[in-house]
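Numbering (our numbering), first residue to last: 2 to 389. C-beta atoms are modelled at their ideal positions from N, C-alpha and C, and glycine is treated no differently.
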Amino acid sequence: MSLTKTNPKFVADFVHFEQHVAKLFSHYQWDVETAKPNQVGYDLTVKKNNNFGAVQVKWLNNNVSAPQLLKFIDFLASPQGKKFNCGFFITTKGFGGPALAVIRGLGENSRFFCGVAEENTVKWIRGPEDGANNQENSSEIEQPEKIYFGVFTCKGGVGKTTVAAHLAGALALQGFDIALLDLDPEQNLHKLVGDGVYVPNPGGVGNTIEVFNGKTWNEESARNCKIVICDCSPALERNDESLIKKLHYCIIPTTLNPLGINKHGGVLKKTVEEIRKINQNAHLFILINNHKNIGVNRFKLLRDSFLNVYQDISQTDDKFHCIDPEEVCIRSSDLLYYWGIHLLEDPNNPRSELAFKLIGGRCYPRDDFIRLADYIESKAGLGIFRNS
Ligand SMILES: Nc1ncnc2c1ncn2[C@@H]1O[C@H](COP(=O)(O)OP(=O)(O)OP(=O)(O)O)[C@@H](O)[C@H]1O
Ligand SMILES: [Mg+2]
């Protein structure tokens with residue numbers, strides 16, 4: 002059962018890999034067809050006897066994450082996925098611990114199969130009776146241009162990681178798959194969300210937030226993600242300059258307190274200058290994080306002096322936006338403060354989640370981050386967050 006013709010380039014990029022996977026299925030006597038270029042949910046269809054399967058081809062530098070698998074499983078259960086009676090998830094490297102836990106949790110009768118495509122065969126983690134997957138002339142699929150966000154300030158501990166992850170959450174709720182890039186050597190994002198989060202959608206297939214290491218980032222490994230969000234290191238020079246150049250939007254979190262306004266104002270103006278040396282086109286947004294309810298009068302005083310500090314930059318830089326905290330800010334919240342505690346409470350079940358739990362039907366972080374996404378859209382968006 003081995004292919005005579007080998008392709009040493011089979012993992013060079015997504016297109017080669019997809020063709021290779023298709024060839025392997027053909028080899029196992031499946032009829033293979035490539036999905037339409039913009040087909041959501043799967044890459045190939047395969048038919049043999051009474052079996053009609055959807056194949057997700059995942060070209061990755063790293064192991065498959067749990068959210069990536071869960072998204073495909075949800076797709077298969079959705080009205081569009083129901084026409085298939087089996088599903089195949091085929092990847093380049095392997096399956097991570099949480100993904101293996103998902104696979105182990107599948108019922109015995111599940112017709113969901115996963116494997117790693119090797120040169121001549123598929124190494125099944127969970128396989129059908131026989132093997133796998135082709136179509137020779139799968140056309141080059143245009144990769145849509147990705148939108149890059151950075152979350153950056155020169156200051157540590159003001160909420161960069163929190164903002165990066167939850168902005169990703171708000172955008173996933175709007176129907177996007179998101180790539181979260183951990184650029185910080187501290188790797189806090191990895192500590193908090195592991196390899197990612199699956200954001201279910203009660204009305205259909207949910208979305209994934211996949212976490213990647215900035216150092217090994219390759220757009221090919223996140224073809225489904227239109228939006229990339231970089232959690233930056235507070236030392237600008239420690240962030241890959243080519244990624245800073247790519248940013249379309251950069252969120253600069255800060256806090257609102259009397260002594261901080263001027264002090265942080267100086268630091269943030271420097272931050273803006275530093276970013277501008279590398280990237281002149283990104284829209285930059287100063288965002289108040291960890292905002293406490295301090296009463297109307299005190300808030301007005303702080304807000305006015307805060308907005309005042311940035312007036313001069315606003316006048317000279319038309320892509321600089323100091324977000325009026327009256328319109329949008331991220332409120333101080335226990336959900337955000339204790340975000341990640343479930344990892345300590347249940348270390349054997351490393352499930353990742355965001356601080357988006359509804360309490361009494363409300364969730365401040367969720368509301369605030371959705372509002373932030375809307376604000377960015379309205380100030381600089383040109384329809385970027387329209388999914389269709
Ligand atoms: N809106 C908020 N409400 C409550 N707590 C918050 C909020 N935002 C951030 N925090 C808390 O502040 C702390 C620092 O946040 P975070 O790690 O996101 O900052 P950072 O800028 O990424 O830090 P570093 O520079 O170390 O990477 C965390 O303990 C987080 O829980
Ligand atoms: Mg951080």
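Residues of its chain near residue i, where Cβ-Cβ distance is below 8 Å and the 5 sequence neighbours each way are ignored
{"i": "Gln281", "result": "none"}
{"i": "His322", "result": "His284, Leu285, Phe286, Ile287, Ser315, Lys380 and Ala381"}
{"i": "Gly197", "result": "Ser66, Ala67, Pro68, Gln69, Leu181, Thr209, Ile210, Glu211, Val212 and Ser353"}
{"i": "Lys94", "result": "Leu61, Asn62, Asn63, Asn64, Val65 and Val117"}
Beta-bridge pairing of residue i - partner residues as DSSP gives them
{"i": "Asp313", "result": "For Asp313, which the question treats as bridged, DSSP gives no partner whatsoever."}
{"i": "Val152", "result": "Asp232 and Ile252"}
{"i": "Phe90", "result": "Gln57 and Cys115"}
{"i": "His167", "result": "Paired residues: none, contrary to the question."}
{"i": "Val47", "result": "Val33 and Gly54"}
{"i": "His322", "result": "Phe286"}
{"i": "Ile179", "result": "Ile210 and Ile228"}
{"i": "Phe96", "result": "Val65"}
Anticipated Cβ contact below 8 Å, residue i with residue j, distance rounded
{"i": "Lys246", "j": "Ile279", "result": "6 Å"}
{"i": "Ser79", "j": "Val206", "result": "5 Å"}
{"i": "Leu70", "j": "Phe89", "result": "With 8 Å as the limit, Leu70 and Phe89 do not qualify as a contact, their Cβ atoms being about 12 Å apart."}
Buried versus exposed call for residue i [16 or more other C-beta atoms within 10 Å across all chains shown]
{"i": "Glu211", "result": "buried"}
{"i": "Asn291", "result": "buried"}
{"i": "Lys72", "result": "buried"}
{"i": "Val41", "result": "exposed"}
{"i": "Glu363", "result": "For the sequence presented, residue 363 should be read as Arg rather than Glu. Burial call: exposed."}
{"i": "Phe15", "result": "buried"}
{"i": "Thr163", "result": "buried"}
{"i": "Glu19", "result": "buried"}
{"i": "Ile342", "result": "exposed"}
{"i": "Lys59", "result": "buried"}
{"i": "Ala13", "result": "exposed"}
{"i": "Lys48", "result": "exposed"}
{"i": "Thr35", "result": "buried"}
{"i": "Leu269", "result": "buried"}
Residue i versus residue j: straight-line alpha-carbon distance, rounded
{"i": "Tyr338", "j": "Ile360", "result": "15 Å"}
{"i": "Gly116", "j": "Ser66", "result": "13 Å"}
{"i": "Val22", "j": "Gly157", "result": "45 Å"}
{"i": "Cys155", "j": "Asn51", "result": "59 Å"}
{"i": "Glu146", "j": "Asn294", "result": "40 Å"}
{"i": "Arg352", "j": "Glu119", "result": "29 Å"}
{"i": "Pro259", "j": "Ser334", "result": "20 Å"}
{"i": "Arg306", "j": "Ile252", "result": "According to the sequence provided, residue 306 is Ser. The question's Arg does not apply to it. Their backbone Cα atoms lie some 20 Å apart in a straight line."}
{"i": "Leu193", "j": "Leu168", "result": "15 Å"}
{"i": "Leu373", "j": "Asp75", "result": "28 Å"}
{"i": "Gly98", "j": "Gln312", "result": "50 Å"}
{"i": "Ser222", "j": "Ile262", "result": "41 Å"}
{"i": "Ser27", "j": "Val33", "result": "6 Å"}
{"i": "Val297", "j": "Leu101", "result": "51 Å"}
{"i": "Ser243", "j": "Phe96", "result": "29 Å"}
{"i": "Pro201", "j": "Leu174", "result": "8 Å"}
{"i": "Phe153", "j": "Ile126", "result": "40 Å"}
{"i": "Glu328", "j": "Leu45", "result": "45 Å"}
{"i": "Ala113", "j": "Phe150", "result": "Before going further, note that residue 113 is Phe rather than Ala in the sequence given. One C-alpha to the other measures close to 34 Å."}
{"i": "Phe11", "j": "Pro129", "result": "23 Å"}
{"i": "Ile228", "j": "Ile148", "result": "5 Å"}
Own chain residues within Cβ distance below 6 Å of residue i, not counting five before or after
{"i": "His265", "result": "Thr255"}
{"i": "Leu336", "result": "Ala356 and Pro366"}
{"i": "Asn225", "result": "Asp178"}
Any C-beta of chain D under 8 Å from that of residue i
{"i": "Gly88", "result": "Given the protein chain composition of this structure (a single chain), no chain D is represented."}
Cβ shell of residue i (< 7 Å), same chain only, five flanking positions each side left out
{"i": "Gln81", "result": "Gly42"}
{"i": "Asn396", "result": "Outside the modelled stretch of the chain, which goes from 2 to 389, sits residue 396, for which no answer is possible."}
{"i": "Ile377", "result": "Tyr250 and Phe286"}
{"i": "Leu257", "result": "Ile289, His292, Leu303, Phe307 and Pro326"}
ask   = Within the structure, which residues are defined as neighbours of ligand 4 by a Cβ-heavy atom distance below 5 Å, reported in chain order?
value = As for ligand 4, it is missing from this structure, which binds only ligand 1 and ligand 2.
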